[in-house]
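Chains A and B, in that order, give the protein sequences.
Just so you know, the first sequence maps onto residues 104 to 396 in the numbering used here.
Just so you know, the second sequence maps onto residues 104 to 396 in the numbering used here.
There are 2 protein chains.
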Amino acid sequence: MNDFHHPEYNLKRWVQRCNTRDLTRFAPLHIGDTVIGWVPKDHLSRFREHHTVFGVMDAEVWVQGHLNTPAARTSAVGEVLVEWEKRGWVSGWRDELYRVSTRFDDEPLLLVERAAAQLLGICSYGVHLNGFVQKPEGLWMWIARRAKDRPHYPGYLDHLVAGGLTAGQSAWEVVIRECWEEAGIPESLAQRCRPNGFVTVFMDHYGLIKRDLLFTYDLELPEDFEPENMDGEVEDFELLPIKDVVHLVAETDEIKLNCNLVIIDFFVRYGILTPEHPHYSKIVLGLRAGGCA
Amino acid sequence: MNDFHHPEYNLKRWVQRCNTRDLTRFAPLHIGDTVIGWVPKDHLSRFREHHTVFGVMDAEVWVQGHLNTPAARTSAVGEVLVEWEKRGWVSGWRDELYRVSTRFDDEPLLLVERAAAQLLGICSYGVHLNGFVQKPEGLWMWIARRAKDRPHYPGYLDHLVAGGLTAGQSAWEVVIRECWEEAGIPESLAQRCRPNGFVTVFMDHYGLIKRDLLFTYDLELPEDFEPENMDGEVEDFELLPIKDVVHLVAETDEIKLNCNLVIIDFFVRYGILTPEHPHYSKIVLGLRAGGCA
Numbered sequence: 104m105n106d107f108h109h110p111e112y113n114l115k116r117w118v119q120r121c122n123t124r125d126l127t128r129f130a131p132l133h134i135g136d137t138v139i140g141w142v143p144k145d146h147l148s149r150f151r152e153h154h155t156v157f158g159v160m161d162a163e164v165w166v167q168g169h170l171n172t173p174a175a176r177t178s179a180v181g182e183v184l185v186e187w188e189k190r191g192w193v194s195g196w197r198d199e200l201y202r203v204s205t206r207f208d209d210e211p212l213l214l215v216e217r218a219a220a221q222l223l224g225i226c227s228y229g230v231h232l233n234g235f236v237q238k239p240e241g242l243w244m245w246i247a248r249r250a251k252d253r254p255h256y257p258g259y260l261d262h263l264v265a266g267g268l269t270a271g272q273s274a275w276e277v278v279i280r281e282c283w284e285e286a287g288i289p290e291s292l293a294q295r296c297r298p299n300g301f302v303t304v305f306m307d308h309y310g311l312i313k314r315d316l317l318f319t320y321d322l323e324l325p326e327d328f329e330p331e332n333m334d335g336e337v338e339d340f341e342l343l344p345i346k347d348v349v350h351l352v353a354e355t356d357e358i359k360l361n362c363n364l365v366i367i368d369f370f371v372r373y374g375i376l377t378p379e380h381p382h383y384s385k386i387v388l389g390l391r392a393g394g395c396a
Numbered sequence: 104m105n106d107f108h109h110p111e112y113n114l115k116r117w118v119q120r121c122n123t124r125d126l127t128r129f130a131p132l133h134i135g136d137t138v139i140g141w142v143p144k145d146h147l148s149r150f151r152e153h154h155t156v157f158g159v160m161d162a163e164v165w166v167q168g169h170l171n172t173p174a175a176r177t178s179a180v181g182e183v184l185v186e187w188e189k190r191g192w193v194s195g196w197r198d199e200l201y202r203v204s205t206r207f208d209d210e211p212l213l214l215v216e217r218a219a220a221q222l223l224g225i226c227s228y229g230v231h232l233n234g235f236v237q238k239p240e241g242l243w244m245w246i247a248r249r250a251k252d253r254p255h256y257p258g259y260l261d262h263l264v265a266g267g268l269t270a271g272q273s274a275w276e277v278v279i280r281e282c283w284e285e286a287g288i289p290e291s292l293a294q295r296c297r298p299n300g301f302v303t304v305f306m307d308h309y310g311l312i313k314r315d316l317l318f319t320y321d322l323e324l325p326e327d328f329e330p331e332n333m334d335g336e337v338e339d340f341e342l343l344p345i346k347d348v349v350h351l352v353a354e355t356d357e358i359k360l361n362c363n364l365v366i367i368d369f370f371v372r373y374g375i376l377t378p379e380h381p382h383y384s385k386i387v388l389g390l391r392a393g394g395c396a
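Laid out in structure tokens, this is it:
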């Protein structure tokens, strides 16, 4: 038992926030019978302009049936997105393709530019790493502060390492690469990363649907390891006692939205949050409440 | 990476089996607007006999509204169950009360005899402990063989420690007590148990609905610790290399049904199963696919 169950600590708000959406404002995006995304009904006129690629009714959008291979869909939808990028409807183009399927395990039905994931309400896949140090007095966790020039969440707190999972890469490859780029963790040490499941997000967020599946990893680091950012994404790193991390998650909005779930998952797995917590089952279920898989 | 991803290994069958049900054969059991259980439609005539306690229609059963406190419901439903026990419809009476609510975190709406949980299709709460040893060559796990005189799953393989969570007990109390009774683990060692979430079951099983929420715990044991059963529930214990446990789960039906999920959850958390496994997302989601919480 510990003092992390203080009634003032509000950890459950993150599972609520990351699983709240009003789908009446969105139209499902289909490929055949499969719903692959959710688009704002306010955007339907955009899709109508490209009738060789998309079919549109009041309450749904679909990729036209003559586009009957992943390659054909990827190419046709990609051309539309290039056009939309020119019109300023897609920002932060990355030249990175995300896989789109109902389930991560399945073969993708198409690939789309990463920057368009929320515009189409498709699921983004990422890897997130909890870097921790086991000191004699307890657990400590490394927290990064994102650089202030980042397009998303500038200056917010983040994991030691995190990255998007683009098509054709394995989660493991991405973890090993990002360990080096984001925190200067050499491969010999990164090989000790341990996958332990995932958390999910399915919410409306600034008028779009945000859906994430974040594969979670832990890495126990030696006390004398100092992370060093290589790619400019991180301003600095701080090693915090776990009770300070609990405080940051429970009582502040300083941590990048979806990272809160990954950190709460760590609290659950390391017994920092226990079944005696008054909202335990709600929190634990909310970590993988779904929306994509 | 490891060789546990052999394509012949079938771990996903357990999440499928524990989440398969045909609810058209069952009627929901209500308290007010809340569904607390599922009863076989074949049993509706039993409920009709007790019209002061239960209301019955073709497709649903409810606890009568005049029973408007948890104490009143517990008493009235309890009297019906005593009657049913005399008629041979409830077997293995335990004199242990289970809490009934939609969510573990909520106040119970009534308490019912443990032996009647499946008869009413209510959620059972339990604690399950993975006892493991970290040897230089890798992880090993303690597996118990249930005594052949057990009413349920005689002779099947089980966790080192497991137990039902009766009303008024905390999960932690039950873990500490069962550690001693089932495996002779002294409290000083049991205090190192680490809670790490839960797994769920929602299936039809021999004509009834089985719903479980099993709080999961890990305990790393010293290499020289030998478990010893105190209460006659366990015939013997065996310490197995983790690859043999993977084999038992994937290729045999020797492990007690719901324990398979708890062990697979351990595989996920310890990186024995990784995102590169062809059914990873299906397996991980299936561990908490719900039904109760």
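For glycine and all other residues, C-beta sits at the position ideal for the given N, C-alpha and C.
All values derive from a computational prediction rather than experimental measurement.
Ranked by Cα distance from T137/A, the first of Y112/A, P211/A, E188/A is P211/A. The CB of W243/A never comes closer than 9 Å to any CB in chain B; the least such distance is about 17 Å. Contact check for A247/A and F340/A: beta-carbon distance about 5 Å, within the 8 Å limit, so the pair qualifies. Within the segment 143–188 of chain B, complete alpha helix (DSSP H) segments of at least 4 residues are found at 147–151, given in chain order. Rounded to whole angstroms, the separation of the alpha carbons of G258/A and D356/A is 12 Å. The C-beta separation of R206/B from K385/A comes to about 7 Å, placing the pair in contact by the 8 Å criterion.
Secondary structure note for F207/A: it is in no beta strand (DSSP E), with a DSSP letter that is neither H nor E.
Look at the beta carbons and you see the segment 347–366 of chain B not touching the segment 273–282 of chain B: under three pairs across the two are nearer than 8 Å.
Counting along the chain, A274/B sits inside no beta strand (DSSP E); it lies in the alpha helix (DSSP H) bounded by residues 274–286. Cβ atoms of L214/B and A175/B stay farther apart than 8 Å, at about 12 Å. In terms of beta-carbon proximity, V203/A stays away from the interface with chain B, with every pair separated by 8 Å or more. For the segment 356–372 of chain B, residues whose beta-carbon sits nearer than 7 Å to a beta-carbon of chain A comprise V371, R372. Distance check between N113/A and each of R297/A, L388/A, G393/A, P381/A places P381/A closest, using alpha-carbon atoms only. Contact check for G310/A and N122/A: beta-carbon distance about 17 Å, past the 8 Å limit, so the pair fails to qualify.
Counting C-beta pairs closer than 8 Å gives three or more between the segment 342–356 of chain A and the segment 228–245 of chain A, which meets the contact rule.
With distances taken between CA atoms, E326/A lies nearest to Q237/A out of A218/A, E152/A, Q237/A.
In the displayed model, Q294/A falls within coil according to three-state DSSP, outside both helix and strand.
G300/B and H308/B have their C-alpha atoms some 24 Å from each other. Within the DSSP bridge table, the entry for S227/B names D315/B as partners. Proximity of T269/A to chain B, defined by a Cβ-Cβ separation below 8 Å, is not satisfied. For G266/A, the enclosing beta strand (DSSP E) has its first and last residue at 264–267.
Using a Cβ-Cβ cut-off of 9 Å, G374/A is close to C296, R297, P298, N299, Y320, D321 of chain B, given in chain order. From the listed residues G374/A, E323/A, H350/A, Y383/A, the smallest Cα separation to L232/A is found for E323/A.
Take E284/B, set aside five residues on each side of it, and the residues of its chain with a beta-carbon closer than 6 Å to its own are M333, D334, in chain order. Under a 10 Å Cβ-count criterion, D368/A is classified as buried, with 16 or more other Cβ atoms of the shown protein chains found around its own Cβ. A direct Cα-Cα distance of roughly 10 Å separates V365/A from V230/A.
The continuous beta strand (DSSP E) containing H133/B extends over residues 129–134. Within chain B, the residues whose beta carbon sits less than 8 Å from that of A274/A are T377, P378, E379, listed in sequence order. In the structure shown, F305/B falls within a strand segment according to DSSP collapsed to helix, strand and coil. About 18 Å separates the Cβ atoms of R120/B and C226/B, ruling out a contact at the 8 Å cut-off. Of A220/A, I279/A, I375/A, the smallest CA-CA separation from L316/A is found for A220/A. For V302/A, the closest alpha carbon among the candidates E290/A, F318/A, C296/A is that of F318/A.
Against D208/B, the close residues of chain A are P381, H382, Y383, S384, K385, in the order they occur along the chain (beta-carbon pairs closer than 7 Å). Counting only the Cα atoms, G266/A lies some 19 Å from Y383/B. With respect to G195/B, P254/B sits close: the two C-beta atoms are nearer than 8 Å. For L376/A, the closest C-alpha among the options L126/A, G393/A, V348/A is that of V348/A.
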